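Chemist: Next up is a structure, given as structure tokens.
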Amino acid sequence: MSATDEILVHVNLGPRSYEIPIVSNKLSDCGRLLRRWWIERDGMSSMTCKQAPPQGSVWIKEAKPTPQPVALLVTDSNLENLHAASVRQSLIADGWRCETEVLPAGEKSKSLEIVTKVYDRLINMQADRRTVIVAVGGGVVGDAAGFIAATYTRGLPFVQIPTTLLSAVDSSVGGKTGVNHPLAKNMIGAFYQPIGVLIDTAALQTLPDREYRAGLAEVVKYGVILDAEFFRYLEHNIAAINARQPEAVRHIVAKSCRLKADVVERDEYEATGLRAVLNYGHTFGHAFEALCGYGQLLHGEAVAIGMVYASRLAERRGLIDGSITDRQISLLEALHLPIALPAEVKLSTDAVVERMRLDKKTVAGSLRFVLPTRIGEVKTFGDIPESEVRALLES
Ligand SMILES: NC(=O)c1ccc[n+]([C@@H]2O[C@H](COP(=O)([O-])OP(=O)(O)OC[C@H]3O[C@@H](n4cnc5c(N)ncnc54)[C@H](O)[C@@H]3O)[C@@H](O)[C@H]2O)c1
Ligand SMILES: [Zn+2]
13 MSATDEILVH VNLGPRSYEI PIVSNKLSDC GRLLRRWWIE RDGMSSMTCK QAPPQGSVWI
73 KEAKPTPQPV ALLVTDSNLE NLHAASVRQS LIADGWRCET EVLPAGEKSK SLEIVTKVYD
133 RLINMQADRR TVIVAVGGGV VGDAAGFIAA TYTRGLPFVQ IPTTLLSAVD SSVGGKTGVN
193 HPLAKNMIGA FYQPIGVLID TAALQTLPDR EYRAGLAEVV KYGVILDAEF FRYLEHNIAA
253 INARQPEAVR HIVAKSCRLK ADVVERDEYE ATGLRAVLNY GHTFGHAFEA LCGYGQLLHG
313 EAVAIGMVYA SRLAERRGLI DGSITDRQIS LLEALHLPIA LPAEVKLSTD AVVERMRLDK
373 KTVAGSLRFV LPTRIGEVKT FGDIPESEVR ALLES
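Heads up: the sequence shown begins at 13 in this note's numbering, then just goes up one per residue.
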């Protein structure tokens, strides 16, 4: 792949704007790019902020010589000797001082306990406000490292290098960072934008099949909520997507990032309700994920099932006819995603409704749902009678 194949998504958030280059096989050469981001945003702002950004590929823009940049690379135990090693080598080759913090792989690392250990590490390495936190990993690493970046000395420059499909199309875009509370997932966090997100789609080739498919659920979600043409693209390119054909992967990643960025740009802090459209399938999905015990269903799998429930609810409300749900089911099935809870899972309706009420996106205890009005458009409804939700869950 040549440099010209790179796709660049801009997230336009005024002074917090950043770029997302989507590239292939470039992690081993990312040091220069990260140095440029660091110079432009934080490290040497007084020297360089008046310069116009250079034009052309992000890869051939040159950074000015600077004092040695310092990074704490945060990754997990599965990636330490894989993609994180490439990033680390590239940083060192570019003259960075780079230390690495390896979190145990898995959701448990999104905890204040782990965050505190990384704060200790930052203190020991005498990190200052120019030290860059570089997250290499999935949503777990990105969310935890982002929270550390947001809070240590009230903010360190932060770079995301997502390595799961879910983190590439969802968690790395939009600035939500955070960790779990023992009683509630994602309950402690901050909105904190990175200075850049580098997506290398070649890194997604090593992802276990189930993790790849779970990420596809969020991709399908973008089509349903925002873009009928993209939904059609997915329907017509099943084989290429399932085979992780590089061009198809790059297209779905770039399109998803652009669609999410469009929403985030208009509602960065989830204040106007617009960002809530991203929650399609999640009110049901979060409840299923939690009640099955985190781990039995991956987040994306729970969202796939949740989208089918939300769409059925829209049918009951007369918002859509059955063909809209059928198209979603066919696409999810073709991508080998679940469309119903596993047969052995028996959840009581009371438990599901109760769990939905706990979701932090509920307002004053009332159940709110994002429902499709056609493929490519959703609306938020806060007035759905609980009896209707119960009837659906029992049907
Ligand atoms: N911040 C947000 O806006 C946002 C949005 C959605 C989800 N999330 C969060 O994201 C987290 C889930 O993220 P995830 O699905 O990426 O899970 P994850 O980070 O746990 O990664 C899944 C598994 O894949 C492994 N892995 C990662 N990249 C790999 C690669 N390229 N090759 C081989 N193995 C690889 C990881 O080590 C891990 O075992 C959840 O905590 C969720 O709350 C956040
Ligand atoms: Zn999600």
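Heads up, the beta-carbon is just placed ideally off N, CA and C, and yes, glycines get one too.
Keep in mind it's a predicted model, so treat the numbers as computed, not measured.
#1: Compute the distance between the beta-carbons of Ala-117 and Asp-155, then report whether it is under 9 Å.
#2: Mind listing which residues have their beta carbon within less than 6 Å of any non-hydrogen atom of ligand 2? Chain order is fine.
#3: Classify Asp-395 as helix, strand or coil using the three-state DSSP reduction.
#4: Please say whether Leu-379 and Val-232 have beta carbons closer to each other than 9 Å?
#5: Return the CA-CA distance between Pro-66 and Thr-284, expressed in angstroms with no decimal places.
#6: Could you give the residue range of the beta strand (DSSP E) that holds Pro-384?
#7: Going by alpha carbons, who is nearest to Glu-119 out of Asn-192, Thr-175, Arg-141 and Glu-52?
#8: Would you mind working out which of Lys-197, Ala-215 and Asp-132 sits nearest Ile-173, comparing C-alpha positions?
#9: Which residues in the same chain have their Cβ closer than 6 Å to the Cβ of Leu-103, if we skip the five residues on either side of it in sequence?
#10: Buried or exposed for Asp-182, please, with buried defined as at least 16 other CB atoms from any protein chain shown within 10 angstroms of its CB.
#11: Where do the ends of the alpha helix (DSSP H) carrying Tyr-30 lie?
#12: Identify whether Pro-79 lies in helix, strand or coil by the three-state DSSP scheme.
#13: Less than 8 Å separating the Cβ of Asp-88 from some heavy atom of ligand 1?
#14: Within 10 angstroms of its Cβ, does Ala-105 collect 16 or more other Cβ (buried), or is it exposed?
#15: For Lys-122, which three-state DSSP category applies?
#16: With DSSP collapsed to three states, give me the class of Gln-308.
#17: What do you reckon, is the C-beta of Pro-350 under 8 Å from a heavy atom of ligand 1?
#18: Can you tell me where the alpha helix (DSSP H) with Lys-272 in it begins and where it stops?
#19: Would you call the region 220-235 in contact with the region 310-318, where contact means no fewer than 3 C-beta pairs closer than 8 Å?
#20: If you run the structure through DSSP and keep just helix, strand and coil, what is Thr-143?
#21: Taking the beta carbon of Pro-206 as the centre, do at least 16 other beta carbons fall within 10 Å, making it buried, or is it exposed?
#22: Name, in chain order, the residues that DSSP records as bridge partners for Thr-189.
Modeler: So, to answer that:
#1: no
#2: Asp-182, Glu-230, His-294, His-311 and Val-315
#3: coil
#4: no
#5: At Pro-66 the pLDDT is 48, less than 50, meaning the model places this residue with poor confidence; the figure from the coordinates comes in the next sentence. The alpha-carbon atoms of Pro-66 and Thr-284 are separated by roughly 35 Å.
#6: 381-386
#7: Asn-192
#8: Ala-215
#9: Gly-43, Ala-83 and Cys-110
#10: buried
#11: No alpha helix (DSSP H) holds Tyr-30; the beta strand (DSSP E) holding it covers 30-35.
#12: coil
#13: yes
#14: exposed
#15: coil
#16: coil
#17: no
#18: 258-278
#19: yes
#20: coil
#21: buried
#22: Ala-202
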